[in-house]
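Residue numbers (my numbering), protein chains in the order written: chain C, -6 to 259; chain W, 16 to 253.
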């Protein structure tokens, strides 16, 4: 195991089984029928995700699934020459470790925490037992896998066709939805890695969006000033994915972000 | 193509071949043979998926269409797979479409019946979900490949993937389709294909591709060909 792999460690939070499902911000856990949730809750360990932490490595076995409560995790495709590129974002609407849901043991992508924050961790062995007993849980997770994949294929198409400012706009919207904060504090370096471009290219793209009056960009900090304008800049790459989340999961990514902010701290 | 009469009962679609005899026999009465003509749409974005298809020959393209009508291929499906992955995941539609880009034929059955059979067989679910995983791996790979790799590399990858699916060094492929699959304009394809022809790796005349030097194509292809192939081979080998 690489030395830099820190497995999110259980935090000192209350055991979930003693907390009501209403306080759960993760939408998948929140959508489970109460009896299913009660059964699953005993296997969920509260953990604190750390910025920059790698949860799963491409091609390596998955030990845990992670259900974020706030913030977001990047799914990355890694090529052998070590250039990763982001293929999707996972926030409170989802779960990291989709390969396991499909019955695979090894992850097809890398997952890395873009923000720190609380999450629920589920060991794969317990997950398999739960899924075998609960078709409702499996169905719900497969629906999530479907919308996640819609996001990944849209990203693949967007990477082939769209310029960097459009791709940056799409990324900012997805990140905004999941972070729940209009003030995204992201470094140019990080965005460059996500989009698979040079730092200077990010500056140029951010400059284009700033000139269009949709973001403010200063010292690596991005603030969204005109959300509809930004959605316009991202074109269908954002819209079609957001529509799929609404249709399949009954959730609006933007509303999830707002709800996450409105909930009292656990 | 003449078929070995003894092999008639064995599915030519390799995913069907992975099913237990019991699962396969449950699907068989519902499967009907259909020709898969060039450009045939197997399902359309945001419309109800009526049939699932098991391609036997030919190649289908999983396509995202942009607002301006430009289409980008994000994955391909051939005799190793299933057209109708959203059904396996519990949906009846998706914002992507599937078009036949290399003609052939295959089997199809109503999506509702497939869904019903899938729900009653855990062993069938395991096989189908493993395929979904291999396909996702391919799409994720495309996301990286579309961005990082040159048109020529991607063109080589695409030709090799098609050859594997067709199990033939010769196939029909229009420039229009190749352009769409690679997300470029037609002149871009002419340049890439011309380069491969001059290098003696392929001939390409009136939409007919002949691969002359597969090893040479592999050398010019990006790593993505090997990675996707490995994933599907793994799926289909155990």
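Built from N, CA and C at the ideal position, the CB exists for glycine as well.
| Query | Result |
| --- | --- |
| For residue -3 of chain C, name the three-state secondary structure that DSSP assigns. | Residue confidence is low: residue -3 of chain C scores 39 on pLDDT, short of 50, so the model does not pin down where it sits. Its coordinate-derived value is still stated next. DSSP places residue -3 of chain C in coil when its eight states are reduced to three. |
| What residues in its chain sit with their C-beta under 8 Å from that of residue 126 of chain C, if we drop five residues either side in the sequence? | 32 |
| Is it buried or exposed for residue 42 of chain W, if we count other Cβ within 10 angstroms and need 16 for buried? | buried |
| Is residue 68 of chain C closer than 7 Å to residue 102 of chain C when the C-beta atoms are compared? | yes |
| Go to residue 187 of chain W, then tell me how far its beta strand (DSSP E) extends in each direction, as first and last residue. | 185 to 187 |
| Can you list the residues of chain W that residue 148 of chain C reaches, using a CB-CB cut of under 7 Å? | 158 |
| What residues of chain W sit near residue 138 of chain C, judged by a beta carbon separation below 7 Å? | 104 |
| Name the residue from W:29, W:242, W:120 and W:160 whose alpha carbon lies nearest to the alpha carbon of residue 52 of chain W. | W:120 |
| Does the pairing of the stretch 113 to 132 of chain C with the stretch 153 to 173 of chain W give three or more beta-carbon distances under 8 Å? | no |
| Of all the alpha helix (DSSP H) runs that stay within the bounds of the stretch 86 to 162 of chain W, which reach a length of 4 or more residues? | 100 to 103 and 126 to 134 |
| Cutting at 8 Å between CB atoms, please list the residues of its own chain near residue 192 of chain C, excluding the five before and the five after it. | 181, 182 and 185 |
| For a cutoff of 7 Å on Cβ pairs, would you count residue 144 of chain W as touching chain C? | yes |
| Counting only Cβ pairs nearer than 9 Å, list the residues of chain W close to residue 72 of chain C. | 156, 159, 160, 163, 164, 237, 238, 239 and 242 |
| Using DSSP with H/G/I as helix, E/B as strand and the rest coil, what is residue 261 of chain C? | Given a span of -6 to 259 for chain C in the structure shown, any question on residue 261 of chain C remains unanswerable. |
| For residue 33 of chain C, which residues in chain W fall below 9 Å Cβ to Cβ? | Near residue 33 of chain C there are no residues of chain W at all, since even the closest Cβ is about 19 Å away, more than 9 Å. |
| Residue 225 of chain C by DSSP, collapsed to three states: which one? | helix |
| Would DSSP call residue 21 of chain C helix, strand or coil? | helix |
| Which chain C residues are close to residue 81 of chain W, counting only those with a beta carbon under 9 Å from its beta carbon? | 150, 151, 154, 155, 228, 229 and 230 |
| From the beta carbon of residue 225 of chain C, is the nearest beta carbon of chain W less than 7 Å away? | no |
| Go ahead and label residue 201 of chain W buried or exposed: buried means 16 or more other beta carbons lie within 10 angstroms of its beta carbon, across all protein chains shown. | exposed |
| Select from W:161, W:185 and W:38 the residue whose C-alpha is nearest the C-alpha of residue 194 of chain W. | W:161 |
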